[in-house]
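In the working numbering, the protein residues as written are 83 to 401. Every residue, glycine too, gets a C-beta built ideally from N, C-alpha and C.
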Amino acid sequence: MPWGLALLPGGDLLVTSRDTRQITRIDLSTGKKTLLGTVDQAVSNGNSGGEGGLLGIAISPDFAHDHRLYLYYSTANDNRIGWLTYRPDATAGHQLSAPQVILKGIPHGLHHNGGRIAFGPDGMLYASTGEAGDPPLAQDKNSLGGKILRMTPEGKPAKGNPIAGSVMWSYGHRNVQGLAWDPAGRLWASEFGDRTADELNLIKPDHNYGWPATQGKTSNPKYTSPVAQWGTEVDSPSGIAYAAGSIWMAALKGERLWRIPLNGTKVVAESQDFLVGTYGRLRSVIALDDHTLLITTSNTDHRAGPRPGDDRILELTVR
């Protein structure tokens, strides 16, 4: 069940598998796969219908020197962020060290475990967390649940965070599944709603995105409305990427790829959907360049019947 994607310097792709807890390297010129290893510390609850396991992955900004891969993964009791060392010269399947935990105690549940991590233009590590099925956690600034977090590569609260000594960046989230920056350095996030409205949000520090009091657009000045929203039957958003002047958003239940055209922070045209039902559930999106995307299917996640060849990585040209 492919979950996280990250590009190595030089262009090869790393993929995490949620349930097998493996990390695989893919040569994008040939499609050849090499198993790096298994993260034994990760615990999947996929066989129980859950969403935990080996989730997001990010490449260290100083990878050429430290060879670190950053991971977001579940244990039996919490979700954690850590780094491990990748040794490409070692035997395939044995190229990973044990993770060094930099943040633990992120709320864990059957569902809503968040899991996306990425380094921002500022060199800080951002992470999306869910409220783990306990909605009030999203409004509790002392909880790591239902937040977007911002930290140093060592897991410490980053300078300029809203609360000194806290890794919290924004709050009031139900379950953020996608993070992406546009060319101006603005952070965007996709978020699961609850049977009413799924969201694309422009993320600003210390803003409250409303869960559980609201979902979708609101007139309440306490909460920040999404830039765009959809009915949950056509969406259930997961990964996002910015390319060709748009946010591209993968949909799980909706089984499609959404294009949301932007001019700065404004949506300038109706969202368009592509690949509707063609490949089933779509999970993660990454931009290779401004006109090329890689997208994973997610049909082996115990939410749908696998199709021949599942799961797979798709390459698309976009404009």
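{"Asked": "Where V350 sits in the DSSP three-state scheme", "Found": "coil"}
{"Asked": "Ranges of the beta strand (DSSP E) found wholly within the region 192-227, counting only runs of at least 3", "Found": "199-201, 207-210"}
{"Asked": "Any 3 or more C-beta pairs closer than 8 Å across the region 274-287 and the region 311-318", "Found": "yes"}
{"Asked": "A146: first and last residue of the uninterrupted beta strand (DSSP E) it sits in", "Found": "Careful: A146 lies outside any beta strand (DSSP E), inside the alpha helix (DSSP H) at 145-148."}
{"Asked": "N302 versus G292: straight-line alpha-carbon distance, rounded", "Found": "9 Å"}
{"Asked": "Where the beta strand (DSSP E) through E281 begins and ends", "Found": "280-285"}
{"Asked": "N- and C-terminal bounds of the beta strand (DSSP E) containing L370", "Found": "364-371"}
{"Asked": "Closest residue to L207 among R341, K115, K241, G215 (Cα-Cα distance)", "Found": "K241"}
{"Asked": "Where N257 sits in the DSSP three-state scheme", "Found": "strand"}
{"Asked": "Whole-angstrom distance between T98 and L137, CA atom to CA atom", "Found": "7 Å"}
{"Asked": "Own chain, CB closer than 7 Å to A200, minus 5 neighbours either side, in chain order", "Found": "A140, Y208, L261"}
{"Asked": "Nearest-angstrom Cβ-Cβ length linking A279 and Q311, presumed shorter than 8 Å", "Found": "4 Å"}
{"Asked": "Straight-line Cα distance separating A174 from N290", "Found": "45 Å"}
{"Asked": "Check whether A180 and L166 have beta carbons under 8 Å apart", "Found": "yes"}
{"Asked": "With 16 other Cβ atoms within 10 Å as the buried cut-off, status of V358", "Found": "exposed"}
{"Asked": "Reference T102; option with closest CA among E133, G113, K114, L90", "Found": "E133"}
{"Asked": "Span of the beta strand (DSSP E) around G321", "Found": "319-325"}
{"Asked": "The region 188-202 contacting the region 145-161, beta-carbon criterion three pairs below 8 Å", "Found": "yes"}
{"Asked": "Identified DSSP bridge partners for W251", "Found": "None; W251 has no bridge partner."}
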